[in-house]
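Participant: Following this message is one structure expressed as structure tokens.
Number of protein chains: 2
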Amino acid sequence: MTGPGSRLQPRVVITYGTFDLLHVGHVHMLRRLRDLGTRLVVGISTDEFNATKGKTSLVPYADRAIIVGALGAVDEVFPETCWEQKRYDVIRYGAAVFGIGDDWAGHFDHLSDLCRVVYLPRTPDISSTMIRGSIDPADLLPRPRVP
Amino acid sequence: MTGPGSRLQPRVVITYGTFDLLHVGHVHMLRRLRDLGTRLVVGISTDEFNATKGKTSLVPYADRAIIVGALGAVDEVFPETCWEQKRYDVIRYGAAVFGIGDDWAGHFDHLSDLCRVVYLPRTPDISSTMIRGSIDPADLLPRPRVP
């Protein structure tokens, strides 16, 4: 956006995801999305919506929303409850850009009558470093540090 | 801090932690620490330092530092490499407050000649919701969403 008023009017970027166990790939992606505009709003898939996809997250929706919303790059989060809401969301947020990882390439081209649709390359396999053999569930509990 | 200049001079809060698999308890704690001042600096325990404590994190130091540094409440992160650095850190950052979870109550009173030392109550067992039976390591990998 150029011309008079461009500094006053926010350029909203919208994206969606589950963001289970927030990792550095999520952080990089959200920063790059934020850099496409001046305001980033993020639809967080609810547990019920994920269930319809046969997908279960380890962290419940309420916690995922708080964690993603706590990132400096993220201005607002909202629940993603169904596939059909995206057109409505783009309109109600006045989004100039719909952005998402390129594992979704082509899937949201139908929104391009409303806004720019971009598919960003994902950081390759960035979370594999998190995996060290089998995970003990106790590792996911907060532990007091050894003095 | 009151009186002239109080709006210009930052009130630095300092804290430390591993912040493995960032959860909502971490986010709440960091926000409350940030609210004690105007700038929050966070020492992130390095993998090597954790190893001396017999502790292993699932997420490596470099990623943990990026993720914690991406939170809106956090102004700066730095490596925590040994127990002895805290006095030096409080002085070099000009920290007015040293804050940490109350599972550490009493352990850092020796810093109270340099700054205020506060122990904040932890959110009780906030991460237990993350645990649903046994964790499949594949769940920690980023997955493309099912269209």
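These protein sequence lines map, in sequence, to chains A and B. Our numbering numbers the first residue of the first sequence as 1 and each following residue consecutively. Our numbering numbers the first residue of the second sequence as 1001 and each following residue consecutively. All residues carry an ideal CB built from backbone N, CA and C; glycine is no exception.
(1) Interface residues of chain A around L1022 of chain B at Cβ under 7 Å?
(2) Please report the distance separating the alpha-carbon of V1041 of chain B from that of V12 of chain A.
(3) Run down chain A in chain order and give the residues with a C-beta less than 7 Å from the C-beta of V1077 of chain B.
(4) Whole angstroms are fine: how far does the CA of K86 of chain A sit from the CA of R92 of chain A?
(5) Is R122 of chain A helix, strand or coil by DSSP?
(6) Note down, in chain order, every chain B residue with its Cβ under 7 Å from the Cβ of D51 of chain A.
(7) With a threshold of 9 Å between beta carbons, is R116 of chain A in contact with chain B?
(8) Across the stretch 58–77 of chain A and the stretch 17–33 of chain A, are there enough close Cβ pairs to call them in contact, namely three or more that are closer than 8 Å?
(9) For a quick check, are the C-beta atoms of V1097 of chain B and G1043 of chain B less than 9 Å apart?
(10) If contacts are defined as beta-carbon pairs under 8 Å, then T1123 of chain B and G1025 of chain B qualify, I think. What distance do you get, rounded to the angstrom?
(11) Any idea which residues DSSP pairs V59 of chain A with across the strands?
(12) If you run the structure through DSSP and keep just helix, strand and coil, what is V151 of chain A?
(13) In chain B, which residues lie less than 8 Å from D89 of chain A when you measure between Cβ atoms?
(14) Write down the C-beta distance between R39 of chain A and P10 of chain A rounded to the nearest angstrom, noting that I regard them as a contact closer than 8 Å.
(15) Check F1108 of chain B in the structure and name its three-state DSSP category.
(16) I'd like to know whether the C-beta of Y1119 of chain B is nearer than 9 Å to at least one C-beta of chain A.
(17) Could you tell me how far apart the beta carbons of T1015 of chain B and F1049 of chain B are, in whole angstroms, since I believe they sit closer than 8 Å?
(18) Does V13 of chain A have its Cβ less than 9 Å from a Cβ in chain B?
(19) With a Cβ-Cβ cutoff of 9 Å, do H1023 of chain B and I67 of chain A count as a contact?
(20) Could you tell me how far apart the beta carbons of L120 of chain A and V90 of chain A are, in whole angstroms, since I believe they sit closer than 8 Å?
(21) Pick from A:D63, A:L114, A:V118, A:E84: whose alpha carbon is nearest that of A182 of chain A?
(22) List the residues of chain A that G1072 of chain B touches, going by C-beta distances under 7 Å, in chain order.
Facilitator: With the given structure in hand:
(1) Around L1022 of chain B, the beta-carbon contacts reaching into chain A at under 7 Å are L22, I67.
(2) Whole-angstrom Cα-Cα distance: 30 Å.
(3) The premise fails here: V1077 of chain B is roughly 12 Å from chain A at the closest Cβ pair, so nothing lies under 7 Å.
(4) The alpha-carbon atoms of R92 of chain A and K86 of chain A are separated by roughly 10 Å.
(5) R122 of chain A: coil per DSSP, three-state reduction.
(6) In the sequence on display, residue 51 of chain A carries Ala and not Asp. Neighbours of A51 of chain A on chain B: none; closest Cβ ~12 Å, over 7 Å.
(7) False, the Cβ-Cβ gap to chain B never drops below 9 Å.
(8) Enough Cβ pairs lie closer than 8 Å, so yes.
(9) No, these two residues do not count as a Cβ contact at 9 Å.
(10) The distance from the Cβ of T1123 of chain B to that of G1025 of chain B is about 4 Å, consistent with a contact at the 8 Å cut-off.
(11) None; V59 of chain A has no bridge partner.
(12) Summary: the structure shown does not reach residue 151 of chain A, with chain A confined to residues 1 through 147, and so no result is reported for it.
(13) Those do not exist, as D89 of chain A stays about 16 Å from chain B at its closest Cβ, beyond 8 Å.
(14) Contact flag correct, Cβ pair sits at about 4 Å.
(15) DSSP places F1108 of chain B in coil when its eight states are reduced to three.
(16) Cβ-Cβ to chain A under 9 Å: no for Y1119 of chain B.
(17) Not quite, the Cβ-Cβ distance comes to about 15 Å (not below 8 Å), so this is no contact.
(18) V13 of chain A does not count as touching chain B.
(19) Cβ distance < 9 Å, so H1023 of chain B and I67 of chain A count as in contact.
(20) Not really, about 17 Å apart at Cβ, beyond 8 Å.
(21) Given a span of 1 to 147 for chain A in the structure shown, any question on residue 182 of chain A remains unanswerable.
(22) Simply A70, L71, G72.
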